[in-house]
Amino acid sequence: FQERIRFWGWLGLGIGVFGISLIGLPDEWIGSLLHPETIEASLGIDALFQSGEWLMLLASLSMAVGTVLVRWVCKYSDPVMATGWHLILGGVPLLAISAGFESEQWVNIDGYGWIAMVYAAIFGSAIAYGLFFYFASSGNLTSLSALTFLTPIFALLFGNFFLGEVLSPLQSVGVGLTLVSIYLINQRDVLAEKLNLRSSKQEDVSNTTTGKLLKQSQQQPVEVKVQVGVEISE
C-alpha cells in the first residue's frame, strides 16, 4: 500500500521484535544462545512443535498477514463482514483440530469457563477485531500494527496484578524495548523531519560561513610582489 516506513520505522520494528522475543521466549532458550553447544539440543524439531512460544510467534505472523490483507478485503466488503469471515475461517479449522487431537475438552468446561468463552467471543473477538479491522482499512497499517506490541505488555501486567506472576529481568528489558519501539514507529515521520531540518540548518550555516569568507577575501586588497629581472647585453 506504498507506506513509507523509513529508517526510524525499521529501527523501531527491529527493536520491537527483539523486545517481544525477550518477553515471550523462555529465559532458558535465550540463555542457550550464549552456549553454542546447547543450541542444537534446544532447537530440535520435536521441541519446535511442542513449544507454545513458537505457536504464539506463528499466530503473530498470521495476524500480521491478516492485518495487511484486510485493507484489500475492505475494498469489496464491509469491515464487520470481513471480521465475521475472519473469525469463521480461523475458528472452524481450530475446532476441527481440537476435535481430532484432544479429548473431553467440552466436559472440562465449567460455568466460569463458558462465561469466559462468551466474553472472549463478544468483546475480545467480535468487537475488538471489528474495531481493529475498521481502523486498519482506513488508517496507517504500520502505526496501527505497532500498537499490537502492547498486547504482551498488558498480559504481563495483568498476570502480575491478578496472578502474582513475577517478571524476569529479561522480560523487564523486553517491556522497555517494546515501548521504545512503539514510540519510534509512531513518531518516525516526526523524527525524520527533525533530522532533515537539523541537517539543512547545518548546511545553511556551512554555506553562510563559506560565503562570508569569500566576501571578506574579495574585499581585502591583495598585494602581489613581482620581481622583474632585466638582462642588458652589450
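According to the working numbering, the residues represented by the sequence shown are 1 to 234, in order.
Each residue gets a CB set at the ideal place from its N, CA and C atoms; glycine is no exception.
Sequence-distant residues of its chain with Cβ nearer than 8 Å to residue i (five each side left out)
{"i": "Ala192", "result": "Arg6, Phe7 and Trp8"}
{"i": "Phe149", "result": "Gly16, Gly19, Ile20, Thr178, Ser181 and Ile182"}
{"i": "Ala146", "result": "Gly12, Leu13, Gly16, Ser181, Ile182, Ile185 and Asn186"}
{"i": "Leu156", "result": "Ile23, Glu165, Leu167, Gln171 and Val175"}
{"i": "Ile153", "result": "Ile23, Val175, Thr178 and Leu179"}
Whole-Å CB distance - residue i paired with residue j, under 8 Å assumed
{"i": "Pro79", "j": "Ser137", "result": "6 Å"}
{"i": "His86", "j": "Tyr129", "result": "6 Å"}
{"i": "Ile30", "j": "Leu170", "result": "6 Å"}
Residue i classed as buried or exposed, judged by whether at least 16 other C-beta atoms fall within 10 angstroms
{"i": "Tyr76", "result": "exposed"}
{"i": "Gly12", "result": "buried"}
{"i": "Gln105", "result": "exposed"}
{"i": "Tyr119", "result": "exposed"}
{"i": "Glu234", "result": "Residue placement at Glu234 is flagged as unreliable, the pLDDT there being 46, under the threshold of 50; a coordinate-derived value is accordingly withheld."}
{"i": "Ala96", "result": "exposed"}
{"i": "Phe101", "result": "exposed"}
{"i": "Leu197", "result": "exposed"}
{"i": "Phe132", "result": "buried"}
Distance CB(residue i)-CB(residue j) smaller than 7 Å
{"i": "Ser181", "j": "Ile15", "result": "yes"}
{"i": "Val70", "j": "Ala82", "result": "yes"}
{"i": "Ser172", "j": "Asp27", "result": "no"}
{"i": "Gly159", "j": "Glu165", "result": "yes"}
Nonlocal neighbours in the same chain, by C-beta distance under 7 Å from residue i, ignoring five residues either side
{"i": "Val73", "result": "Ala82"}
{"i": "Arg4", "result": "none"}
{"i": "Asp189", "result": "none"}
Cβ neighbours of residue i in the same chain (closer than 6 Å, five flanking residues each side left out)
{"i": "Val226", "result": "The predicted position of Val226 is uncertain, since its pLDDT is 48 and thus under 50; no value can be drawn from it."}
{"i": "Ala116", "result": "none"}
{"i": "Gly90", "result": "none"}
*asked:* If we require 4 or more residues per run, which alpha helix (DSSP H) segments fall completely within the segment 166-203?
replied: 169-186
*Let me know the alpha helix (DSSP H) ranges lying completely inside the segment 48-115, each 4 residues or longer, listed in chain order.*
As for any alpha helix (DSSP H) of minimum length 4 sitting wholly inside the segment 48-115, the runs are 52-73 and 79-101, ordered along the chain.
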